[in-house]
Structures are given as C-alpha cells and as structure tokens.
Amino acid sequence: MSNEEYTFFQAVELMAKEKDIPAEYLYEKIANALVVAVKRQYNGKDVVFCDIKPEEEILKLYIRKNVVEEISDEDADILVKEARKYKKNAKPGDIIEIPLDTNELGRVVAQTTKHVIRQGVRDVVRGQTMLEFQKHNQEIVTARVLSVDPKTGNATLEIGRAEAMLPYSEQIPGEQLQDGDLIKVYIVDVRETEKGPKAMISRTHLGLVRRLFETEVPEITEGVVEIMEVSREAGSRTKIAVYSRDENVDAVGACIGPRGARVGKVVDLLHGEKIDIVPYSEDPAQFIGAALAPADVISVEILSEEEKSCKVIVPDTQLSLAIGNKGQNARLAAKLTGWKIDINPESGFYESSDEDEETVETEEIEETVETEEIYETVETEEIEEIEEVEE
4 MSNEEYTFFQ
14 AVELMAKEKD
24 IPAEYLYEKI
34 ANALVVAVKR
44 QYNGKDVVFC
54 DIKPEEEILK
64 LYIRKNVVEE
74 ISDEDADILV
84 KEARKYKKNA
94 KPGDIIEIPL
104 DTNELGRVVA
114 QTTKHVIRQG
124 VRDVVRGQTM
134 LEFQKHNQEI
144 VTARVLSVDP
154 KTGNATLEIG
164 RAEAMLPYSE
174 QIPGEQLQDG
184 DLIKVYIVDV
194 RETEKGPKAM
204 ISRTHLGLVR
214 RLFETEVPEI
224 TEGVVEIMEV
234 SREAGSRTKI
244 AVYSRDENVD
254 AVGACIGPRG
264 ARVGKVVDLL
274 HGEKIDIVPY
284 SEDPAQFIGA
294 ALAPADVISV
304 EILSEEEKSC
314 KVIVPDTQLS
324 LAIGNKGQNA
334 RLAAKLTGWK
344 IDINPESGFY
354 ESSDEDEETV
364 ETEEIEETVE
374 TEEIYETVET
384 EEIEEIEEVE
394 E
C-alpha cells in the first residue's frame, strides 16, 4: 500500500468523524465518483468498477471485458491471448477484470473525483440538517446566538449542527440579543430548496407560547388540560384560554403553578411578556367575559351570532382596565374569542355617543407571516477537500 493510499483512507475516516457521517456512506460515494471520472476519461465506453476495502486499505479500479477469439466489440471484448496477461487460464466466454493504474488517470480525474465527493458530503450534511429540522418542525428548540447584524438586527443562530437566521421582525420587541445567548425559538416550517434546507424560525409566533406551556405544565402534556386559544402581541402581552377535561383539575391554576412558578418560567423565557390565563367556555358570553380579564365584567349581551358581535358592560372604574393601554386588552380579547366587542361603562355615559363608544373588532390573525422573508438557508460548514488519490 502506498503512502498516497494511506493518506486517502485517513482523510476519509477523518472527514466521516468530523461531519458525523457514516464512513461506509462516504466510501460508496467515492466509489461512484471514481467510476464516473474514469468512464469520462475513457469516453464513457468501458464498463468501469471500483472496489474499496477500507479495513484492508485497498482501492481498486478495473474494467471488465469478455474473453473472445474474435473481436466484435472493441470496448467490451478482449482476445484470449491478451486476456491471459491478466488471467493465465483465461478462455473464451470468461469475463476478466483489467486493473487500472490511478497514476495514468491524470489530475483531471482526481479533481473530478474530489468535486463529486464534496458534493456527496454536502448532500449528507443537507440531508441530516433537513431531518434535524423536520424532527422539530412546529416545535421549540434551544438555539445559541452566534452573531447579530448591527445594521439589520438579524441574528444568526446555531441550532444543533446547523445555522439559521432569526429575522429582526421575528424577535421579541425590546429584546436585545447578545452573542452566546441561549434562547428558545419556534420552528414554524421547513423547506428543501436548491440551495439547501430553509427553516422559518420565530420568537413572536403563537406556537412558541403554546409549546412553552406544554413544556412547563405536565397536565397539558398528559392531555388533562388543553390550550384552546392564544392571542398575542409579542413583547407586551399574551392571553391564553385553557380548558380542563377533568372537573377536579383547575386548568387556570395548573398553568399558573405553585406560587406562579410555571407561568413565571414562561414569562422569563419570553423576555418578561405579561400573560393572562383565562378559562375557556363554549358559552360565548362567559368566554368573552373571562377574556377581558383582569377587568371585571357585569354583563355580556350577544348582538348577533352570525356577525359574532356583542355588547359588554363593565363598572365605570373598570372601563380603562377593560380597554387596556391603547386598546390592547380589548383587542387581545377580541382576537382570543373571535368576537367583535363593544365595551361600555355601567353608567351608560357613552351609550348615546357613537364617538365615545369603544368597539374592538376582531382582526384577522396571520399565524404565519410572510414566509419568504423569514426563511433563511441553513448554512452548513464548508466541506473539506479529500486528498487526491495518487499512487
């Protein structure tokens, strides 16, 4: 075995280890690459074969020819006299293997082989990355911040062995990410493209809140408590409606946890975002009343089932609380319930004035924002070149 062969096998084993790729897969790709390269060198007419035995550090290239007494196909046949140079007892009808000297194949073949091998490794890495993301699709993962672009605010994250970009638009408002930070992100979707796997990741998506509560609340994981609806204005406030399938389990209490420990953990992971947890009800009036928490509600009058509109009466002292800062509480309640909510004080002071009436209409919720803007090609590490195969 030559030193070049030894270097070749060592390089393959090292690459397999560094990329966490089965060495057998790489050897298969290399064999295929060598066959392609040699066939190209011989104008693609010969039937070329490659055997690689890493345990013996043997790399063998050969062509097969039919032993004949008279040549009918110059590319496929070999005369008996010529065949016996490679096999002493060759006779007509035999198929013999004619070894090829890699030194005669030239640098072009070696370069072509390297290219095909690198592509094969890229395919493996891309495939592994795709599987990694697909495994966590619509789930939360822990990511490490590698860098933050000072101009765009976009953050490059490390997720497992892959990298992805968290656009500034998908970051929680007010959150200042720093290199090395560990954060939770939600994988909204994964696509395979010509440039590689692309993952849509977010910290503003409703799915992040759902999955965080599933992680922190065992009753949700067990299926006893269910998150029915979520409305969110990331970085500021979130409302979730929960329901218990067991009358002996308080859904709201389970999500809050002992001394607020469970909801407190979620709040910390969401950069201090306020969270209202309210009980879900099939009764629209009851659900709407609960959704306006922390405000007290005196009554809810359903105006139109078809248009999903209602009128809510609250104590005069609770009007500002029910509406919330810049209408946020009422707006989130409308999104949570899917109803148009007309909030009025108990005194009726605003009832006679359309100008003073506070009406919050449900806004259409886009759970997935413009996908193309927040997809980022997963960047894999640059593939290291394998040593050229030379005798």
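First residue of the sequence shown: 4, per our numbering; consecutive thereafter.
Glycine is no exception: its CB is placed at the ideal position from the N, C-alpha and C atoms.
This one's a predicted model, so the numbers in the text were calculated from it and none came from an experiment.
Can you grab the Cα-Cα spacing for the pair residue i / residue j, in whole Å?
i, j, result
"Asp-152", "Gln-289", "47 Å"
"Arg-214", "Pro-318", "36 Å"
"Glu-197", "Gly-210", "28 Å"
"Gln-331", "Asp-192", "29 Å"
"Glu-360", "Asn-347", "Low local confidence applies: a pLDDT of 44 at Glu-360 is under 50, so the model's placement there is unreliable, and no value is given."
"Ala-19", "Asp-80", "39 Å"
"Gly-177", "Lys-187", "16 Å"
"Gly-156", "Arg-147", "16 Å"
"His-118", "Arg-235", "49 Å"
"Gly-163", "Glu-276", "27 Å"
"Glu-173", "Asp-253", "33 Å"
"Leu-273", "Gln-114", "51 Å"
"Pro-57", "Asp-97", "29 Å"
"Thr-340", "Val-255", "17 Å"
"His-208", "Tyr-171", "13 Å"
"Ser-75", "Lys-63", "28 Å"
"Pro-261", "Gln-13", "57 Å"
"Tyr-28", "Asn-251", "55 Å"
"Gly-327", "Val-212", "21 Å"
"Ala-325", "Glu-308", "22 Å"
"Leu-335", "Arg-206", "18 Å"
"Leu-306", "Met-133", "50 Å"
"Ile-259", "Ser-239", "18 Å"
"Leu-17", "Ala-26", "9 Å"
"Glu-85", "Ile-24", "43 Å"
"Ala-93", "Gln-137", "55 Å"
"Gly-263", "Arg-248", "22 Å"
"Glu-60", "Cys-53", "13 Å"
"Glu-349", "Glu-304", "13 Å"
"Tyr-65", "Arg-43", "14 Å"
"Val-363", "Phe-216", "With a pLDDT of 49 at Val-363, under the threshold of 50, the predicted position of this residue should be treated as unreliable, though the coordinate-derived value follows. Taking the straight line joining both Cα atoms gives about 28 Å."
Which whole-angstrom value is the C-beta distance of residue i and residue j, which I expect to be below 8 Å?
i, j, result
"Ile-204", "Leu-180", "Not quite, the Cβ-Cβ distance comes to about 13 Å (not below 8 Å), so this is no contact."
"Ile-99", "Val-70", "6 Å"
"Ile-280", "Val-270", "Going by Cβ atoms, the distance from Ile-280 to Val-270 rounds to 11 Å, so no, they are not a contact pair."
"Leu-185", "Thr-145", "6 Å"
"Ile-55", "Ala-34", "5 Å"
"Ala-257", "Glu-222", "4 Å"
"Ile-291", "Thr-241", "That belief does not hold up - the Cβ atoms of Ile-291 and Thr-241 are roughly 18 Å apart, past 8 Å."
Considering just the uninterrupted stretch of the alpha helix (DSSP H) at residue i, what are its terminal residues?
i, result
"Ile-291", "287-294"
"Thr-224", "221-224"
"Asn-332", "331-340"
"Ile-186", "Run containing Ile-186: none in the alpha helix (DSSP H); it sits in the beta strand (DSSP E), 185-196."
"Ala-325", "322-326"
For a quick check, are the C-beta atoms of residue i and residue j less than 8 Å apart?
i, j, result
"Asp-182", "Leu-149", "yes"
"Ala-293", "Ser-284", "yes"
"Ala-337", "Gln-321", "no"
"Tyr-246", "Glu-219", "no"
"Ala-165", "Glu-195", "no"
"Arg-67", "Val-39", "no"
"Ser-302", "Lys-343", "no"
"Val-300", "Asp-345", "no"
"Ile-243", "Val-233", "yes"
"His-139", "Ile-175", "no"
"Val-124", "Lys-22", "yes"
"Leu-103", "Val-15", "no"
"Glu-72", "Pro-95", "yes"
Would the C-beta of residue i count as close to the ligand SAM, meaning under 7 Å from any of its heavy atoms?
i, result
"Ser-234", "The ligand SAM is absent from the structure shown, which contains no ligand whatsoever."
Note the first and the last residue of the continuous beta strand (DSSP E) segment covering residue i.
i, result
"Val-144", "143-151"
"Ser-302", "302-307"
"Lys-242", "240-247"
"Val-233", "228-236"
"Asp-279", "277-282"
"Arg-262", "Careful: Arg-262 lies outside any beta strand (DSSP E) and carries neither H nor E."
"Thr-155", "Neither: Thr-155 is in no beta strand (DSSP E) and is coded neither H nor E."
"Ser-312", "312-317"
"Ile-346", "343-348"
"Ala-167", "165-169"
Can a CB atom of chain C be found closer than 8 Å to the CB of residue i?
i, result
"His-274", "Absent from the structure: chain C. Only one protein chain is present."
Secondary structure, alpha helix (DSSP H): runs of 4+ residues fully inside the region 39-111: 83-86
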